[in-house]
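J.:
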Amino acid sequence: MAYITAKRYLILSAVLYVLLFAIILALTTTASNQELAAATAAYAAVLVVFVGSNIPNYNEGTAVTSINGTNVTCPDCWFGAGVE
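Quick note on numbering: the sequence shown equals residues 667 to 750 in the working numbering.
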């Protein structure tokens, strides 16, 4: 998931991995429905942490501005100041 940068694809991949995990767990174990739900919820909670840490935050001292139609990231600038 570290290679995925778009928010919608991060969320979509997390949902697909949770569904895949639940299906594999249901088919390969003899766990009860409550145990399957608990294990799937725990796995989903871990994935939420990874998804939340991979979403870029451009509001913390990093500016993204457009120069000739190209997005440019300026980590030393504050909201585009100094980017011409």
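Just so you know, even glycine gets a beta-carbon here, dropped at the ideal spot from N, CA and C.
Could you have a look at Thr696 and say whether DSSP puts it in helix, strand or coil?
T.: Coil at Thr696, not helix or strand.
J.: What's the C-alpha gap between Lys673 and Thr695?
T.: If you take the alpha carbons of Lys673 and Thr695, they lie about 33 Å apart.
J.: Indicate the three-state DSSP secondary structure (helix, strand or coil) for Ala672 in the structure shown.
T.: Coil.
J.: Measuring only the C-alpha atoms, how far is Ala710 from Ala680?
T.: Roughly 8 Å separates the two Cα atoms.
J.: Can you say whether Leu686 is buried or exposed, counting buried as having 16 or more other CB atoms within 10 angstroms of its CB?
T.: The residue in question, Leu686, is exposed, as its Cβ has fewer than 16 Cβ neighbours within 10 Å.
J.: For Ala692, which residues from the same chain have a beta carbon less than 7 Å from its beta carbon, with the 5 sequence-adjacent residues on both sides left out?
T.: So the qualifying residues of the chain are Leu702.
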